[in-house]
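To start, the structure itself, in structure tokens.
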Amino acid sequence: MPIDLPKMIYFAKMFLERSLAFHNDALHVMVGMGLALVFAALLRRSLADWLPWLLVLALELANEVNDYFFEIWANEVPQQLGEIAKDIALTMVLPTLVLIVARRWPHLLTGQRGCDPVDDSAGEG
């Protein structure tokens, strides 16, 4: 019998959501920031780098596509799409905030006033 990986992922996620003492929305916020930190550490990149943020976004989009195909909301597609948009926003809010602060005002994270904002245009010309 073949293994249905998307279904296994969905059921594992549902188990975690139901077994933890946090609301589903709070889990999205915590997992988003946790993944950003894990990706930054594994990739040896700063949270000012776009790559950890993009990986969190990609994983969240894959998660929501998976949810869309396993959660059937008969006659409630607008509500389901609204929940998907909310989940994406909640997952990305803290990684986005940290990315902006780390790039624009790095001294708020380092405590060192001499830190310059990240300039993506370096090397262009």
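No gaps in the numbering here: position 44 of the sequence shown is 29 in the numbering used here, and each next residue is one more. C-beta atoms are modelled at their ideal positions from N, C-alpha and C, and glycine is treated no differently. Small disclaimer: the values here were computed from a predicted structure and weren't measured.
Asked, Found
"Start-to-end residues for the alpha helix (DSSP H) that takes in LEU32", "Unbroken run through LEU32: none, as it is neither H nor E."
"Reduced DSSP secondary structure (H/G/I, E/B, other) of GLU45", "helix"
"Three-pair Cβ contact test at 8 Å for the region 40 to 55 versus the region 8 to 23", "yes"
"For GLN64, the three-state DSSP class (helix, strand or coil)", "helix"
"6 Å CB neighbourhood of GLN65 in its chain, flanking five on each side removed", "TRP58"
"8 Å Cβ cutoff, VAL78 in contact with chain B", "Looking for chain B here will not work: only one protein chain is present."
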